[in-house]
Amino acid sequence: GKRYNGGNERKWGMDPKQIQAWKDGMTGYPLVDANMRELKATGFMSNRGRQNVCSFLTIDMNMDWRYGGDYFEELLLDYDVHSNWGNWCSGAGMTGGRLNRFNIVKQSKDYD
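Taken in order, the sequence shown gives residues 21 to 132; the numbers are from this note's numbering.
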């Protein structure tokens with residue numbers, strides 16, 4: 021059936037293999053992969069890293085942002101329900117404001 025997605029008509033991907041590759045840090049994009057591996061190993065990720073992996077999952081991979089929010093809820097040691105879900109919703113472009121797509125290659129050069 022059709023799921024409610026906040027009035028946004030975007031069709032989200034739900035490919036379990038792609039989502040698992042993102043979770044495991046096996047996307048082939050070193051900045052994304054390093055951040056995801058750090059999260060899995062330590063329960064932490066920098067704010068810039070969180071923005072990058074959110075943008076990558078939701079915009080580049082076109083996977084449903086709720087998978088990311090749920091995964092962060094499981095692993096983040098500094099988890100806050102409001103910050104987590106608000107940031108994932110916003111990062112996926114669901115707030116009606118500007119969509120901030122992070123260029124992962126440029127971000128790698130600037131921050132890695």
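The beta carbon of each residue, even a glycine, is placed where N, CA and C say it ideally should be. As the structure is a prediction and not an experimental result, all values here were calculated from the model.
Using DSSP with H/G/I as helix, E/B as strand and the rest coil, what is residue i?
{"i": "residue 33", "result": "strand"}
{"i": "residue 182", "result": "Limits of the chain in this structure are 21 at one end and 132 at the other, which puts residue 182 out of reach."}
{"i": "residue 44", "result": "helix"}
{"i": "residue 67", "result": "helix"}
{"i": "residue 115", "result": "coil"}
{"i": "residue 95", "result": "helix"}
{"i": "residue 89", "result": "helix"}
{"i": "residue 72", "result": "helix"}
Output the boundary residues of the alpha helix (DSSP H) element that contains residue i.
{"i": "residue 56", "result": "50–62"}
{"i": "residue 111", "result": "101–111"}
Opposite residue i in the DSSP bridges: which residues?
{"i": "residue 83", "result": "33"}
So residue i packs on residue j, CB below 8 angstroms; how close in whole Å?
{"i": "residue 134", "j": "residue 34", "result": "Because the chain spans 21 through 132 in this model, residue 134 falls outside it and cannot be assessed."}
{"i": "residue 74", "j": "residue 107", "result": "7 angstroms"}
{"i": "residue 91", "j": "residue 43", "result": "6 angstroms"}
{"i": "residue 46", "j": "residue 85", "result": "That pair is no contact at about 20 angstroms."}
{"i": "residue 88", "j": "residue 77", "result": "5 angstroms"}
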